[in-house]
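Engineer: Chains as they are written, first to last, in our numbering: chain A, 1 to 267; chain B, 268 to 534.
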DNA sequence: TAAATTCCTGCATAAAACCGCACGAAATGT
DNA sequence: ACATTTCGTGCGGTTTTATGCAGGAATTTA
C-alpha cells in the first residue's frame, strides 16, 4: 500500500515565505475554490503564519461573501446553495402547529421514518437544535431540510426518482425500508376517514407508506384538519394501524372524537 | 568624503543609479508586471531612495490604475484577475466546456453513473433535451439537476447522507452501486497525476468512486486543467483504470500528452 | 463527561503608512 | 538676474495596520 491511513503529507509548492496579506487571501481563496474546503490548521503550516492570521483572513473573505467560514476552516460557496423557500405552502401556519406537536414526540437516539410533503418539511424545521436522532426518508426536499440541522443523522432511501413528487420509489426503496426497524414513523397523509382508513392517489406512494407503517413501532399521521374525513382512490391501511393522529386542532375538538373513540391517540 | 561628527553625510551619487521619477516608476511597473508583486522595502534598497518615495510612486501608479497597492507593497492587476473569479462557481466557463464534451459521449439507452460536484452539475445542464438515458448518482444537488430534464430516468443511490458534500455514503451505497452494470461512469475528480493516478481527500468519496469505477464499462474523468498533475492524500485508482480524460483544453495540449501516451483517450 | 481543538478578545509590538515640514533644485515670472 | 513658485525628496513624529500571543469561552471529539 502506498498510502498509510490516508495520510500523505505533501506541499504542492512552497509559497514565498513573505506573503502579503492580499496575496495570502488570494491563495486561500484559490485553495477553497479548488478543493471546496480548507482547514485553518493546514493553511497555517502551509503558509507559515499563525492560525489566528488564517482565521482573520477567512473571516474577511467570508465577510466579502467569497467563502463560507466554518469551525476549523472554510468551505466553497458553490456547494451549499440549495434552498427551498416556503412561501407558497398551503395552510403553512397550521402545518407549523402540527410540526411542533410532532417534534415533541421525538427523543434522543430514535430512528424516525418520514414520508415527503410540506408538513414533514415543517417538521424538519421545527426540530430542536440539540436533538440527536436518525431520520430516514426518500424525499429529496425533506432530506435537504434535514441536512440543515446540526446534529441529526440523515439516511436517504435510494431508488428511481419520481420527478413530480421528488421521492424515490420502487422495489429497491421498499426493500431498504423493510430492513429498518424504526421507533417512529411520521406519515404526511392526504386523506383519512374512519371507515376506509388512510388513502392516497399515487400507487408508488401508497406502496412506500405501507412499507413504512410495517417497519415502525409507532405510526403517527400528520394532516391538516381539512383532510380529516376525506377519501382518496387507493387504500393504504386501516386506522387500526395508526397510533397517533396530529392536526392543528386541539385534541378535544369534536371533529376528532371518532378517532379518539377508535383508540387513536390524538394530539 | 566630508562630514562632521557623522551628523551630516552625503551618499556618493552614482549618476548611473540616480533615477528620475518617471524612470523609477517605469522600473517599478516593470518589476510588478514581471513578478506580480513588489515590496516597498526591497524596492527602496534596490533603487536607493526612501520608502516614502517608493510609496508615493506606488500610490501614483495605483491612481493611474496600473497596479494594485497593498500594505507593504503592490500587486499586479493580472494577479487579481487570476485569483478572484467573479463567478460563484469556480472556473464555470471551463466546466461548461468540459460538460459539453462529456455530454457528447452519452447515447440513448445508456446507463450512466456519476459522482457529485459542480462539473457534473454542469454536465446535467448540458444534456440534450431529447436524450433518453438513465442516470445514477448519490449526490443530491446533481439529482436535483437531473430532475429538471424532461426525458431521462434518475436513480438515486441511498444511504447515510454526508452533510458537507451532500452525497450518500456508506456500505449500502456501495452495495447498490455494485449491483449496477453501467455503460459509462463520469467521475468529477479533484486531483490526478501520472504516477499516483486519481486521488482525493475524503475517505467516503474515495470508496464510492472506487465502486463506481468497478461497476462501469467505461470510466471518464472530468477535471479542469488546473487539477491535472496535482495530488491529494487518498488514492482512488491508477490511471490504467481510466478510459477517457476530459478537460477544457484541446486534446493536443502538451499538458495532456503524458496521459495520451499512457493510453488514455483525451478529449 | 472529559479532553482536545478551535475561536474570540484584548493586548503588545514591529512594520508600514501618513502628515507636515524643510531644503535643494528646477521652473517660472518680473 | 533675481525673486518666487513648484516639485521632488528625505526626515521626524504620529497613526494605522498586520500579526502573534495569552488566556478563557465555545465547540468538537473521544
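Think of the CB as a built atom: it goes at the ideal place given N, C-alpha and C, for glycine as much as any other residue.
Treat the numbers as computed from the prediction; the structure is a model and nothing was measured.
I believe residue 143(A) touches residue 76(A) by the beta-carbon criterion, under 8 Å. Please report the beta-carbon distance rounded to the nearest angstrom.
Structural biologist: No, residue 143(A) and residue 76(A) are not in contact; Cβ-Cβ is about 21 Å, not under 8 Å.
Engineer: Say whether chain A places a C-beta atom closer than 8 Å to the C-beta of residue 330(B).
Structural biologist: So, not an interface residue.
Engineer: Can you say whether residue 353(B) is buried or exposed, counting buried as having 16 or more other CB atoms within 10 angstroms of its CB?
Structural biologist: Because the pLDDT at residue 353(B) is just 44, under 50, the model does not fix this residue reliably, and the value given afterwards should be weighed accordingly. Burial call: exposed.
Engineer: Quick one: grab the DSSP three-state call for residue 428(B).
Structural biologist: Residue 428(B): strand per DSSP, three-state reduction.
Engineer: Can you list, in chain order, the residues of its chain whose CB lies under 6 Å from that of residue 111(A), leaving out five sequence neighbours each side?
Structural biologist: Same-chain partners within the cutoff: 134, 182 and 183.
Engineer: Considering Cα atoms alone, identify which of 159(A), 154(A) and 140(A) is closest to residue 131(A).
Structural biologist: Of the listed residues, the one whose Cα sits closest to residue 131(A) is 154(A).
Engineer: Comparing C-alpha positions only, which one of 334(B), 324(B), 493(B) and 533(B) sits nearest to residue 359(B)?
Structural biologist: Checked all of 334(B), 324(B), 493(B) and 533(B); the closest Cα to residue 359(B) is 493(B).
Engineer: Between which two residues does the beta strand (DSSP E) harbouring residue 137(A) extend?
Structural biologist: First-last of the beta strand (DSSP E) with residue 137(A): 134-137.
Engineer: Name, please, each residue of chain A whose Cβ falls closer than 7 Å to the Cβ of residue 420(B).
Structural biologist: Those within 7 Å of residue 420(B) in chain A are 160.
Engineer: Quick check: what's the CA-CA separation for residue 22(A) versus residue 60(A)?
Structural biologist: Approximately 11 Å between the Cα atoms of the pair.
Engineer: Is residue 207(A) helix, strand or coil by DSSP?
Structural biologist: Of the three classes helix, strand and coil, the one that applies to residue 207(A) here is helix, per DSSP.
Engineer: Could you tell me the distance, in whole angstroms, from the CA atom of residue 332(B) to the CA atom of residue 321(B)?
Structural biologist: Roughly 16 Å separates the two Cα atoms.
Engineer: Given that a residue counts as buried once 16 or more other Cβ atoms are within 10 Å of its Cβ, and exposed if not, what is residue 57(A)?
Structural biologist: Burial call: buried.
Engineer: For residue 346(B), which option in 159(A), 178(A), 115(A) and 27(A) has the closest C-alpha, if you only look at C-alpha atoms?
Structural biologist: Nearest option by C-alpha distance: 27(A).
Engineer: Nearest to residue 160(A) by CA position, among 434(B), 405(B) and 509(B), is which residue?
Structural biologist: When each option's Cα is compared against that of residue 160(A), the closest is 405(B).
Engineer: For residue 45(A), decide whether its Cβ has a neighbour in chain B, counting only Cβ atoms nearer than 8 Å.
Structural biologist: No, its Cβ sits nowhere closer than 8 Å to a Cβ of chain B.
Engineer: Near residue 51(A), which residues of its chain fall below 6 Å by C-beta distance, leaving aside the five closest residues on each side in sequence?
Structural biologist: Around residue 51(A): 40 and 44.
Engineer: Contact criterion: CB-CB distance below 8 Å. Does residue 176(A) meet it with respect to chain B?
Structural biologist: So, interface residue.
Engineer: Taking Cβ to Cβ, would you say residue 455(B) is nearer than 8 Å to residue 158(A)?
Structural biologist: Contact flag unset, no.
Engineer: Ignoring anything shorter than 3 residues or poking outside the segment 438-487 of chain B, list the beta strand (DSSP E) runs there in chain order.
Structural biologist: Counting only runs of 3 or more, we get 449-455, 458-460 and 464-467.
Engineer: Listing by chain order, which chain B residues have their CB less than 7 Å from the CB of residue 110(A)?
Structural biologist: What residue 110(A) touches in chain B: nothing, since even the nearest Cβ is about 16 Å away.
Engineer: Within the 8 Å Cβ cut-off, does residue 226(A) reach chain B?
Structural biologist: It does not: the Cβ of residue 226(A) has no partner Cβ on chain B nearer than 8 Å.
Engineer: Taking residue 508(B) as part of the alpha helix (DSSP H), name the residues at either end of that continuous run.
Structural biologist: Per DSSP, residue 508(B) belongs to no alpha helix (DSSP H) and is neither H nor E.
Engineer: Starting from the beta carbon of residue 410(B), find every residue of chain A whose beta carbon is closer than 8 Å, and list them in chain order.
Structural biologist: Ordered by position in chain A, the residues that pass the 8 Å Cβ test against residue 410(B) are 140 and 161.
Engineer: Could one say the Cβ of residue 304(B) lies closer than 8 Å to chain A's Cβ atoms, at least one of them?
Structural biologist: True, the Cβ-Cβ gap to chain A drops below 8 Å.
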